[in-house]
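Quick note on the working numbering: the sequence shown kicks off at 1319 and runs consecutively.
Beta carbons are placed, not taken as given, at the ideal position from N, Cα and C, and that holds for glycine.
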Amino acid sequence: MAKLCLVMGDQLTRDLASLKNAQIGQDVIVMGELTEEATSVRHHKKKIALIFSAMRHFAKSLEDEGFTVLYQTYDEDNGASDFETLLRNASEQTNISDVIMTKASEYRPLAWQTSFHEKWQGDVRLLDDDRFLASADEFSTWAKGKKQLRMEFFYREMRRKYNVLIDDDKPIGGQWNYDSENRKPPKSGLNIPPKTNFIPDDITNDVLDIVDDYFGDHFGELRPFDMAVTRAQALSVLDAFVAQRLVNFGTYQDAMMQSEPFMFHAHIGAYLNIGLLTPLEVIRRVEHAYHADNAPLNAVEGFIRQILGWREYIRGIYWHFMPDYKQYNALDASRALPKFYWDGNTKMNCMKQSISQTITHAYAHHIQRLMVIGNFSLLAGLSPVEVNEWYLIVYSDAFEWVEMPNVSGMVLFADDGIVASKPYAAGGNYIDKMSNYCQNCAYNIKEKTGDNACPFHYLYWDFLWRHEEKLRSNPRLGMIYRTADKMADEKKQIIRQSAKKFLDSLN
Ligand SMILES: Cc1cc2nc3c(=O)[nH]c(=O)nc-3n(C[C@H](O)[C@H](O)[C@H](O)COP(=O)(O)OP(=O)(O)OC[C@H]3O[C@@H](n4cnc5c(N)ncnc54)[C@H](O)[C@@H]3O)c2cc1C
Ligand code: SF4
1319 MAKLCLVMGD QLTRDLASLK NAQIGQDVIV MGELTEEATS VRHHKKKIAL IFSAMRHFAK
1379 SLEDEGFTVL YQTYDEDNGA SDFETLLRNA SEQTNISDVI MTKASEYRPL AWQTSFHEKW
1439 QGDVRLLDDD RFLASADEFS TWAKGKKQLR MEFFYREMRR KYNVLIDDDK PIGGQWNYDS
1499 ENRKPPKSGL NIPPKTNFIP DDITNDVLDI VDDYFGDHFG ELRPFDMAVT RAQALSVLDA
1559 FVAQRLVNFG TYQDAMMQSE PFMFHAHIGA YLNIGLLTPL EVIRRVEHAY HADNAPLNAV
1619 EGFIRQILGW REYIRGIYWH FMPDYKQYNA LDASRALPKF YWDGNTKMNC MKQSISQTIT
1679 HAYAHHIQRL MVIGNFSLLA GLSPVEVNEW YLIVYSDAFE WVEMPNVSGM VLFADDGIVA
1739 SKPYAAGGNY IDKMSNYCQN CAYNIKEKTG DNACPFHYLY WDFLWRHEEK LRSNPRLGMI
1799 YRTADKMADE KKQIIRQSAK KFLDSLN
């Protein structure tokens, strides 16, 4: 029987579960640029352009293979605005009523998919998304009965399951984790290869015009647009990473440098999340580089851990705790997002640099997201709802399943320690050590209080005191509280006054 195969904007993978067995000449592929999806939050312009252009290229590649593809281009006034209307229109047009879909990556569209069969006249098949390396059930089985869900132990199981960097059931090199060799500060004279860029073709240029017309007031800069929009292009980004950057990935994984937004990172998050690349192929490619003596173990293991460990673990957390996870606010944080999150206009150079490059590229690397913008959001007590929405809007790789546990769990400690064993709070010295931002900052990293002092210093202590009741008993924070206890009362008071003055100025 002929089927309608619905393909969502982050399912652009030829061997997607629901496309694997699709029959050319019989089944019809249904895709659409939908208002409901494009405006669920006010996504960065580059993110919308990436997804629409990648969808159009993917649809074309299926047509080139011989498939019939019903593709709805963006039409705010006359087109279907949601998946259900899109399928109804397709069914009327083709007289096909059976539908096959792969499970959506996020809670909201999956909730629609799971109830869809109740109102649909034909047969509906919903398949698991087997591009992920651990199913939601597998993660829940692993999590069951555990007091703490630490990524490191999950990661070891995944290494064994996929036999990655394993020799005779033991980790290659004798250790599971080589972080002690990684995460060095930047040094001058580093030769950072240029990012792999692409010139927009006619399809992308049409999409850029649509984004200009309909989403011109969304966050971020649209042009120049240089992202990969096909699988072949995404593979060349991966190739360039493995050939040029991987060797230094681990060593400078946490380093930040002014005017170097991309450092030695891979820049493939968005391509993985929309399906142009699959996690296992990336892992195998990087593992192969190690066996071919093209990259050291600390870089290869460190990188593989991000995908086989963190990416899968974060997704597991999302499905294990949703929908409750969305409401978590363990630290009762409620401050509104400062205006400079939207325009980068702040005297804090680290924030200015990280936000400005986000505006330009829809990208910031992990440590900028975690230890600069994230750390500030935590210390300033920003509302988890607002911070989550911001991260979901501004990054081209942002989808709720991966954004939310990173933000509510890793950054804001809003989940009360499910993801992180302690808040990732840090004063300015961490940023000074890992970047060259402080050299160009209007604030003085050496001053601890007062109008010229680096705000991260006093905000850090103020945060710890504000949440003392909850955090003092955390074994990983005991020593820090004991250090704070030794401070003279007068010093404490000055720190708190500096913090209050600064936080009041945010309003
Ligand atoms: C506050 C915060 C928000 C984040 N939001 C997102 C998001 O919306 N979407 C997203 O894909 N990643 C998110 N991350 C994780 C990470 O920052 C990005 O995956 C990474 O910066 C993407 O750039 P890259 O491809 O150059 O990554 P690299 O540093 O080169 O890492 C390679 C890959 O590892 C994976 N990875 C690394 N760290 C994580 C992680 N913590 N969680 C999940 N996957 C990881 C990604 O697929 C990434 O592409 C977030 C991290 C933080 C701290
Ligand atoms: S001095 Fe403080 S605010 Fe300025 S760049 Fe350094 S850490 Fe950031």
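The C-beta of Trp1430 has fewer than 16 other C-beta atoms within 10 Å across all chains shown, which makes the residue exposed.
Closest option to Pro1773, judged by alpha-carbon separation, among Leu1821, Asp1447 and Arg1800: Leu1821.
Under the three-state reduction of DSSP, Arg1603 is assigned to helix. With a contact defined as Cβ atoms closer than 8 Å, Pro1723 and Ile1635 qualify at about 4 Å. Looking at the DSSP output, Gln1390 bridges to Gly1350.
For Lys1488, the three-state secondary structure derived from DSSP is strand. Counting only residues of its own chain and dropping the five nearest sequence neighbours on each side, Thr1678 has a CB closer than 6 Å to the CB of Glu1539.
At least one heavy atom of ligand 1 lies less than 7 Å from the C-beta of Glu1721. For Met1419, the uninterrupted beta strand (DSSP E) segment begins and ends at Asp1416 to Thr1420. Distances between the C-beta of Met1797 and the heavy atoms of ligand 2 are all 7 Å or more. DSSP, read as helix, strand or coil, puts Lys1378 in helix. Sequence-distant Cβ neighbours of Arg1360 in its own chain, meaning closer than 7 Å and more than five residues away, are His1536, Phe1537 and Ile1711. Of the heavy atoms belonging to ligand 1, none sits nearer than 7 Å to the Cβ of Phe1516. Of the residues Arg1790, Asp1416, Gly1491 and Arg1501, the one whose Cα lies closest to the Cα of Lys1437 is Asp1416.
Between Asn1693 and Tyr1646, the gap from beta carbon to beta carbon reaches 8 Å or more.
In the structure shown, Ser1753 adopts extended strand secondary structure according to DSSP, grouped into three states. Residues of the same chain with a CB within less than 7 Å of the CB of Asp1780, apart from the 5 flanking positions on each side, are Ile1813, Arg1814 and Ala1817 in chain order.
Per the C-alpha coordinates, the member of Val1729, Tyr1778, Ile1736 and Ala1760 positioned closest to Gly1746 is Tyr1778.
DSSP places Arg1443 in the uninterrupted beta strand (DSSP E) bounded by Val1442 to Leu1445. Around Ser1458, the same chain offers Gly1634, Trp1637 and His1638 as residues with beta carbons nearer than 8 Å, after the five sequence neighbours per side are excluded. Annotation: the continuous alpha helix (DSSP H) that includes Cys1668 extends over Asn1667 to His1679. In the structure shown, Arg1633 adopts helical secondary structure according to DSSP, grouped into three states. Within the same chain, Cβ atoms closer than 6 Å to the Cβ of Lys1502 are found at Thr1569, the five residues on either side in sequence being excluded. In this structure, Ile1586 has its beta carbon less than 7 Å from a heavy atom of ligand 1. Counting only heavy atoms of ligand 2, the residues whose C-beta sits closer than 6 Å to one of them are, along the chain, Met1666, Asn1667, Cys1668, Gly1746, Ile1749, Asp1750, Tyr1755, Cys1756, Cys1759, Tyr1761, Ile1763, Cys1772, Pro1773 and Phe1774. In its chain, beyond the 5 residues on either side, Lys1670, Ile1673, Ser1674 and Ile1677 have a beta carbon closer than 7 Å to the beta carbon of Gly1662. Taking 8 Å as the upper bound for CB-CB distance, Met1728 and Ala1738 are in contact here, some 5 Å apart. Taking 7 Å as the cut-off, one finds at least one heavy atom of ligand 1 near enough to the beta carbon of Asn1724. Counting of Cβ neighbours within 10 angstroms places Glu1470 among the exposed residues, the total staying below 16. Apart from the 5 residues on each side of it in sequence, Thr1391 sits with its Cβ closer than 7 Å to the Cβ of Glu1351 in its chain, given in chain order.
In the structure shown, the three-state DSSP call for Lys1818 is helix.
DSSP, read as helix, strand or coil, puts Arg1549 in helix. Val1725 sits close to Tyr1709, with the two beta carbons spaced by under 8 Å.
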